[in-house]
Structures are given as structure tokens and as C-alpha cells.
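To keep things clear, I will list the structure first and then write my remarks on it.
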Amino acid sequence: MDIATQSIEGGFADPVFNAQAVFRAIMDAMARPGSAQALPLLAHPPAPLSATAGAVALSLCDNDTPIWLDPRLQVEPAVKAWLGFHTGAPLANTPADAHFALVANPAEMAALDGFSQGTQEYPDRSTTLILLVGDLASGPPLLLEGPGIEKTAMIAPTGMPRHFVEQWKQNNQRFPRGVDIVLAAPGSLACLPRTTRIKTMEA
Numbered sequence: 009m010d011i012a013t014q015s016i017e018g019g020f021a022d023p024v025f026n027a028q029a030v031f032r033a034i035m036d037a038m039a040r041p042g043s044a045q046a047l048p049l050l051a052h053p054p055a056p057l058s059a060t061a062g063a064v065a066l067s068l069c070d071n072d073t074p075i076w077l078d079p080r081l082q083v084e085p086a087v088k089a090w091l092g093f094h095t096g097a098p099l100a101n102t103p104a105d106a107h108f109a110l111v112a113n114p115a116e117m118a119a120l121d122g123f124s125q126g127t128q129e130y131p132d133r134s135t136t137l138i139l140l141v142g143d144l145a146s147g148p149p150l151l152l153e154g155p156g157i158e159k160t161a162m163i164a165p166t167g168m169p170r171h172f173v174e175q176w177k178q179n180n181q182r183f184p185r186g187v188d189i190v191l192a193a194p195g196s197l198a199c200l201p202r203t204t205r206i207k208t209m210e211a
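Residue numbers (my numbering): 9 to 211.
Given below as C-alpha cells:
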């Protein structure tokens, strides 16, 4: 299949309804950090962009939201063409220019502080990172606290960035600035908003 065909196919079958369903799942996941929200298979982007991450991009990104792609996605012309055709979003040259960042290889990801942190006046101008993870249950466990969590929540995404817990603590300290994260796993997603704290697990 050529790139032109790949870029046109695999979008939402019912764009308005599907985008609303995905957006609702993201909002629920942001409101209850660490909770896994099931997501039906709605998008079929070219590899290595996953169906979940593709659906998140289709529901959040438009021609006003520059997207940054990590090196693994950057080298895939079909991924760029698919995102361009279905979202109209321009590609950001650097992580700091991005409203959204799609990261297919989170373990090798640039540091969180390299992305846009927003400003004190406009903290919402920060980057939302969409990390493609293998699953939400078999990685090193993260114990979460903060708004939207009754006492604690637990999530264990695979393939997270190196030194993630330390980086996330620094992200907390920049509040109200800082990045938010969507964890895109096969068939489900979870969110880590900047207000969520990660407790180090007691050995």
C-alpha cells in the first residue's frame, strides 16, 4: 500500500461520535489519575503509531496544535502523512514548540523539562505527552496520590522513561506549569496530570 493510500485510510469511521468517545475517556482518565479507561479499536494508523495513540491524536489535535514526534515516529513518512491528513496538525520542530508529543519509545525519551512547560499566566500552553506503552499493569508499580484519587491509586505501565519518578517529582515542583501525560496502551489509556504525585514504593 502506498503512503498516500495509508494516509487516507484508518481514520475514525464516525469522526464526531468517535472523537467524542475518545475525548470522554481522556477526560475521565484525567479526572481519576491512574484509572485505566477502556478504549475500543476506533483508529487504524500506520505502524509504529498504535491504535490507542492514534485515536487520542485524532480527538485532541487540530491545525492549531503542533505535534512533536519522537525519532521512531519521525522516520515514518506514513505516520506523518496520516496525522497530517486526519488532524491537520503541523509538526513541531522541537519538543518545546509542541502542544502534543507522540512518543513511540518512551524508554529513550528526551527529559520532561525539554517540553513546553507553559507559563505562570498560561499553564495550559504546556505539552501533553502521549506515551505508547505495552500495557498498564506489568511494569514497575507507581503509587499515585493527589486530586481525583481517594487515598492512593496504583498503575504499572511498561517501558517508561528512565528516572521517571525523579523527573515527575521535578514536574510537580513546577506547578502550575508542567507537562501532563496520557499513557496509551493497547485497548485502554490512563492519565497522569501534573497535579498527581508519585509515591516511591516502600521496599
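Built from N, CA and C at the ideal position, the CB exists for glycine as well.
Assuming residue i contacts residue j under a Cβ cut-off of 8 Å, what Cβ separation, rounded to an integer in Å, is found between them?
i, j, result
"A89", "S15", "3 Å"
"A164", "A44", "Not confirmed; about 11 Å, so no contact."
"V111", "L139", "5 Å"
"L47", "A65", "The Cβ separation is near 13 Å, so there is no contact."
"L137", "P41", "No, L137 and P41 are not in contact; Cβ-Cβ is about 14 Å, not under 8 Å."
If we count the other Cβ atoms within 10 Å of its Cβ and call it buried at 16 or more, is residue i buried or exposed?
i, result
"E129", "exposed"
"L49", "exposed"
"T102", "exposed"
"R202", "buried"
"H171", "exposed"
"G19", "buried"
"A211", "Confidence in A211 is poor, its pLDDT being 43 and thus under 50, which makes the residue's placement too unreliable to answer from."
Pick helix, strand or coil for residue i, following the three-state DSSP scheme.
i, result
"Q128", "coil"
"I206", "strand"
"L120", "helix"
"A211", "Only weak support is given to the placement of A211: the predicted model assigns it a pLDDT of 43, under 50, and the value that follows is read from those uncertain coordinates. Coil, per DSSP."
"T102", "coil"
"I11", "helix"
"V24", "helix"
"A198", "strand"
"A61", "helix"
Consider the C-beta atom of residue i and the heavy atoms of the ligand COA; say whether any pair is separated by less than 7 Å.
i, result
"A27", "The ligand COA is not part of the structure shown, which contains no ligands of any sort."
How is the beta strand (DSSP E) around residue i delimited, first residue to last?
i, result
"M162", "A161 to I163"
"I138", "T136 to L140"
Got a sec, what are the start and stop residues for the alpha helix (DSSP H) residue i sits in?
i, result
"E174", "F172 to Q181"
"T95", "P85 to T95"
Q) In chain order, which beta strand (DSSP E) runs of at least 3 residues are fully inside the region 27 to 82? A) 75 to 77
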